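Structure below.
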């Protein structure tokens, strides 16, 4: 492929990259290149909602693991990240949550991100959302990310919601509405029985445009500069090295792991670290790759004395029946995202907004590394995590070789309060399992074993079994202080024509899953790049 010139080059075809590619290419005067290291989103598991459980350890993700976790049993914890068009939105469990207004007001008022309060970014949320079930001030109906209610929750998911109410937790019909507290059913990025990823919702309608080029299996190796101005990128594809030039801007959307990695490969990051690897320092920026935050969760697993959960579909005859139902009607177990039910609650009375989130799965061992039951048995899973952990970790290079996996250290439980809140969540999960609606189905709780009762015992269990929730953020922190990596216009400090427009710019974690907030960041980025005021939800540029 010969060198080519574009107005904008987008590095990373995940959620943020797909949003930006669609929004920018809506202007016919621009010429946009989108580069993705992974493949096209062709795999059928991507599009079947239940398929996410088979994707986590596949070649559709980067096969990362953390550095040994000092406060989590010294373990190397699998750390999958999307490596396919759509990124996380193509491989996640399709849960659609946004957090609470207080999260974004904290960004604006306490963390130096003026212009990013909830009132200011809510139009970007609404513009991205195409909700097929709810239409009010909290929801958009004309956007690109299809959102629906779970069509037919599994019987055990209904029992979970009932068990929460039996414990005294109120029902909540809309976690994205006026209040987050309560138990209920998640809204999901599923439309007509198929996943609606950012690739499907944003990119597919835009790909017919002549001014948009999408290149997959392209591993970006470094950013090209003329002085402090980004002029293009260098990437490797099928054994050959290519360069692409940008007359306007280079936009990084490679995520909280990929974006700082590319900056450091390009000589931008902690100077001592770069010199150790023989990389010429272009700018000493200590916070590139720092401030890594992630939700770390723990799973409760119970074995049932019946076969009401989705585990029965692991048997060939049941799987064949479910597959046929899906092929004919786009319904049934294959149309379930498995993670149908949820709960937002408080770890203590002094907590203002919820600081715990739970996901209920009508099955056990859905993902690699998660506790399961014997093959002939059926089970259920309830996982929980603290929503705003205090611990911060790092992303660092392992070598100057662009193909080498980075060193990822989320520093799970590096702050003792994070562990304390997780243990409180574990205790609450046990109480929910003990309520009549669920207890009548449970033969025994496998994880954690009933013999573990003291806080010390439960803390040790958490340290030895906790895992990532795949929500890394913060490694290219946005702010107004000189130490922040990008300013509130998402421009890399000290450089021209280079922005970062993904979850790496989050100054802190928000209290929910992170896919919808990442799409919001890219929506706002498109306004900043195009120099326009926020466009209203009904005029989103893709309906023409």
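Residue numbers (our numbering): 2 to 545. All C-beta atoms in this analysis are idealised placements derived from N, C-alpha and C, irrespective of residue type, glycine included. Since the model is a prediction, treat every value here as computed from it, not as a measurement.
Item, Value
"Helix, strand or coil for residue 220 per DSSP?", "strand"
"May I have a chain-ordered list of the beta strand (DSSP E) segments no shorter than 3 residues that lie completely inside the region 183 to 248?", "183 to 186, 213 to 216, 220 to 227, 230 to 238"
"Under the three-state reduction of DSSP, which class applies to residue 46: helix, strand or coil?", "helix"
"CA-CA distance, residue 529 and residue 202?", "22 Å"
"At the level of alpha carbons, what is the spacing between residue 396 and residue 197?", "30 Å"
"What residue ranges within the region 397 to 460 form continuous beta strand (DSSP E) runs of no fewer than 3 residues, ordered along the chain?", "408 to 410, 443 to 448"
"Alpha helix (DSSP H) containing residue 346: first to last residue?", "Where residue 346 is concerned, there is no enclosing alpha helix (DSSP H), although the beta strand (DSSP E) it sits in stretches over 342 to 346."
"Check the DSSP bridge columns for residue 385 and list the partner residues they point to.", "299, 359"
"Between residue 189 and residue 151, which are expected to be in contact by the criterion C-beta below 8 Å, what is the C-beta distance as a whole number of angstroms?", "6 Å"
"Quick check: residue 62 and residue 78, are their CB atoms within less than 8 Å of each other?", "no"
"Considering Cα atoms alone, identify which of 506, 523, 301, 474 is closest to residue 434.", "301"
"What's the gap between the Cα of residue 418 and the Cα of residue 116?", "30 Å"
"Within 10 angstroms of its Cβ, does residue 356 collect 16 or more other Cβ (buried), or is it exposed?", "buried"
"Considering only C-alpha positions, which residue in the set 273, 436, 415, 339 is nearest to residue 165?", "436"
"So, using beta-carbon positions, are residue 475 and residue 508 closer together than 8 Å?", "yes"
"Helix or strand or just coil, what does DSSP make of residue 61?", "coil"
"Are the region 492 to 499 and the region 298 to 317 in contact at 8 Å, needing three or more beta carbon pairs?", "no"
"Which residue's Cα is closest to the Cα of residue 218: 511, 12, 208?", "12"
"Out of 60, 492, 363, which one is the CA nearest neighbour of residue 156?", "363"
"For residue 139, which residues from the same chain have a beta carbon less than 8 Å from its beta carbon, with the 5 sequence-adjacent residues on both sides left out?", "175, 177, 178, 179"
"Thinking C-beta only, is residue 253 closer than 8 Å to residue 502?", "yes"
"At what residues does the beta strand (DSSP E) containing residue 9 begin and finish?", "5 to 12"
"What does the Cβ neighbour count give for residue 97, buried or exposed, with the cut at 16 atoms within 10 Å?", "buried"
"Can we say the region 37 to 49 touches the region 203 to 223, given the rule of at least three CB pairs closer than 8 Å?", "yes"
"CB residue 489 to CB residue 249, shorter than 8 Å?", "no"
"Using only the alpha-carbon positions, how far apart do residue 284 and residue 506 sit?", "18 Å"
"Give a yes or no on contact between the region 42 to 56 and the region 330 to 339, applying the rule of three or more CB pairs nearer than 8 Å.", "yes"
"Under DSSP, the alpha helix (DSSP H) around residue 491 begins and ends at which residues?", "Segment: none, residue 491 is in no alpha helix (DSSP H) and carries neither H nor E."
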